[in-house]
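Take 0 as the starting number for the sequence shown in numbering that gives the first Met the number 0 and just add one per residue.
Backbone N, C-alpha and C define an ideal beta-carbon position, used for all residues, glycine too.
The block underneath contains the structure these notes are about, expressed in structure tokens.
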Amino acid sequence: MAEGLLYAKKTLDPRKPIGFWIFLISCVIAISADPLFFYVPVIDSQVKCLGFDRKLRISAIVLYAFFGFLYIVRY
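Structure representation (structure tokens):
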């Protein structure tokens with residue numbers, strides 16, 4: 000397992016151009032996914048109550064967790 004982690008660190012080395020671009024693009028996507036949480040609460044017009052958009056909530060959480068995992072794996 001340690002050999003696999005060493006291999007991953009070598010391939011995503013930020014000093015190499017490909018590692019830098021992968022890291023930069025993943026950071027930009029992660030920052031862009033954060034505002035999705037503002038769109039999760041919606042007003043239900045039938046009940047006149049605040050509710051949550053289930054699909055958007057799941058999508059936002061999955062994106063946030065995925066890019067958080069990439070960041071943890073990176074360091």
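Own chain, CB closer than 8 Å to residue i, minus 5 neighbours either side, in chain order
i, result
"C48", "I42"
Backbone secondary structure at residue i - three-state DSSP
i, result
"D43", "strand"
Enclosing beta strand (DSSP E) for residue i [first to last residue]
i, result
"F51", "C48 to F51"
Residue i versus residue j: straight-line alpha-carbon distance, rounded
i, j, result
"L69", "C26", "9 Å"
"R56", "P16", "34 Å"
"Y38", "Q45", "19 Å"
"V61", "F51", "16 Å"
"P40", "K54", "11 Å"
"A59", "I71", "18 Å"
"P34", "Y63", "11 Å"
Own chain, CB closer than 7 Å to residue i, minus 5 neighbours either side, in chain order
i, result
"F79", "Given that the chain is displayed from residue 0 to residue 74, the structure contains no residue 79 and the question cannot be resolved."
Neighbourhood of residue i by C-beta, 6 Å cutoff - its chain only, sequence neighbours within 5 removed
i, result
"F36", "A59"
Near the ligand GDP: residue i beta-carbon under 8 Å from a heavy atom
i, result
"P40", "No copy of the ligand GDP occurs in the structure displayed, which carries no ligand at all."
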